[in-house]
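Just so you know, we're using numbering that gives the first Met the number 0 here: the sequence shown kicks off at 0 and counts up by one. Every residue, glycine too, gets a C-beta built ideally from N, C-alpha and C. No experiment lies behind these values; they were computed from the predicted model shown.
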Amino acid sequence: MSLTEASAPRLARGYRLRRDAARDRMVVLGPERVFEADETALAILALIDGERSVAEIIDALAAQYAAPRSEIAGDVLEMLADLAERGVIAP
Numbered sequence: 000m001s002l003t004e005a006s007a008p009r010l011a012r013g014y015r016l017r018r019d020a021a022r023d024r025m026v027v028l029g030p031e032r033v034f035e036a037d038e039t040a041l042a043i044l045a046l047i048d049g050e051r052s053v054a055e056i057i058d059a060l061a062a063q064y065a066a067p068r069s070e071i072a073g074d075v076l077e078m079l080a081d082l083a084e085r086g087v088i089a090p
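Here it is, written out as structure tokens:
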């Protein structure tokens with residue numbers, strides 16, 4: 000999957016973001032997988048809904064963290080590409 004700022008990613012079928020009581024933190028649950036997400040990843044994952052474009056996600060995070068958009072864009076695109084490669088997100 001080639002991600003661009005126009006893409007509107009969503010969690011792939013079978014994956015969901017949930018609070019894990021045993022770990023006392025948010026995790027990504029998938030078929031026979033559990034990913035523990037750090038604060039940055041959670042901020043990105045919380046905005047992935049299949050409706051928002053990558054550009055909208057970047058803009059929201061840049062505003063939320065008062066960070067340069069160019070820095071946020073690189074981090075978001077890199078993380079989304081990694082998640083797409085692992086099959087966690089879909090176009």
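Given residue i as reference, the closest of the options once Cα atoms are compared
{"i": "Glu4", "options": "Tyr64, Arg32 and Ala80", "result": "Ala80"}
{"i": "Phe34", "options": "Ala42, Arg17 and Gly49", "result": "Arg17"}
{"i": "Ser6", "options": "Asp37, Ala36, Glu50 and Gly29", "result": "Glu50"}
{"i": "Ala42", "options": "Ala54, Arg32, Ala59 and Ile88", "result": "Ala59"}
Extent of the continuous beta strand (DSSP E) to which residue i belongs
{"i": "Arg92", "result": "The chain is shown only over 0 to 90; residue 92 falls outside these bounds and no answer can be derived."}
Alpha helix (DSSP H) segment containing residue i, residue limits
{"i": "Leu46", "result": "Here Leu46 belongs to no alpha helix (DSSP H), and DSSP marks it neither H nor E."}
{"i": "Arg15", "result": "Note, Arg15: premise wrong, no alpha helix (DSSP H); beta strand (DSSP E) at Arg15 to Asp19."}
{"i": "Ser52", "result": "Looking at the DSSP string, Ser52 is not in any alpha helix (DSSP H), and its letter there is neither H nor E."}
{"i": "Ala80", "result": "Arg68 to Glu84"}
Distance cut-off 6 Å: residue i Cβ against heavy atoms of the ligand ZN
{"i": "Ala83", "result": "Ligands displayed in this structure: none; no statement on the ligand ZN is therefore possible."}
Local conformation of residue i per DSSP, three classes
{"i": "Val26", "result": "strand"}
{"i": "Ala89", "result": "strand"}
{"i": "Leu2", "result": "coil"}
Classification of residue i by the beta-carbon crowding that lies within 10 angstroms, buried from 16 upward
{"i": "Pro8", "result": "buried"}
query: Taking contact to mean at least 3 C-beta pairs separated by less than 8 Å, is the segment 14 to 33 in contact with the segment 55 to 70?
result: Between the segment 14 to 33 and the segment 55 to 70, the count of Cβ pairs shorter than 8 Å is below three; the stretches do not touch.
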